[in-house]
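These notes are about the structure you will find just below.
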């Protein structure tokens, strides 16, 4: 199992556009990605000029995560978000029980990625 949270900080005046894009993407993911076990979108914070949303995504395995990131609909979704919808780049937090060396390889290759410090719990 592979679990991530993706945080997207959206300009308040582009929120309606963002929500439509996100809902449309969610439909395609549900139909075409059997390795995506959980794909949940929530509103987690707001201030005067922006709203922060979180995607909680649980994958069957890391290969399903890679597949998700490489799909044409996700690539198109990210391009549209970069067209003035987001306040800043997305932030991805990974939850896993990998050794530090493997985490470091991912950190070297991926922008805006961090690993949660899991203090208790397990992944199966």
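Residue numbers (this note's numbering): 321 to 444.
Even for Gly, the Cβ is constructed at its ideal location relative to N, Cα and C.
As the structure is a prediction and not an experimental result, all values here were calculated from the model.
Status (buried if at least 16 other CB within 10 Å, exposed otherwise) for residue i
i           : result
residue 401 : buried
residue 420 : exposed
residue 399 : exposed
residue 328 : buried
Given residue i as reference, the closest of the options once Cα atoms are compared
i           : options            : result
residue 415 : 443, 408, 426      : 443
residue 394 : 352, 419, 364      : 352
residue 338 : 418, 392, 390, 397 : 397
residue 344 : 354, 359, 431, 332 : 359
residue 355 : 323, 342, 340      : 323
residue 382 : 357, 341, 410      : 357
CA-to-CA distance, residue j to residue i, given in whole angstroms
i           : j           : result
residue 378 : residue 350 : 12 Å
residue 371 : residue 387 : 28 Å
residue 438 : residue 321 : 15 Å
residue 335 : residue 366 : 11 Å
residue 430 : residue 423 : 11 Å
residue 408 : residue 440 : 31 Å
residue 426 : residue 380 : 19 Å
Contact under 9 Å by Cβ, residue i with residue j
i           : j           : result
residue 330 : residue 405 : yes
residue 376 : residue 391 : no
residue 389 : residue 332 : no
Cβ-Cβ separation, residue j to residue i (assumed contact under 8 Å), whole Å
i           : j           : result
residue 326 : residue 374 : 7 Å
CB contact below 9 Å: residue i versus chain D
i           : result
residue 380 : Annotation note: the requested chain D is absent from the structure, which comprises a single protein chain.
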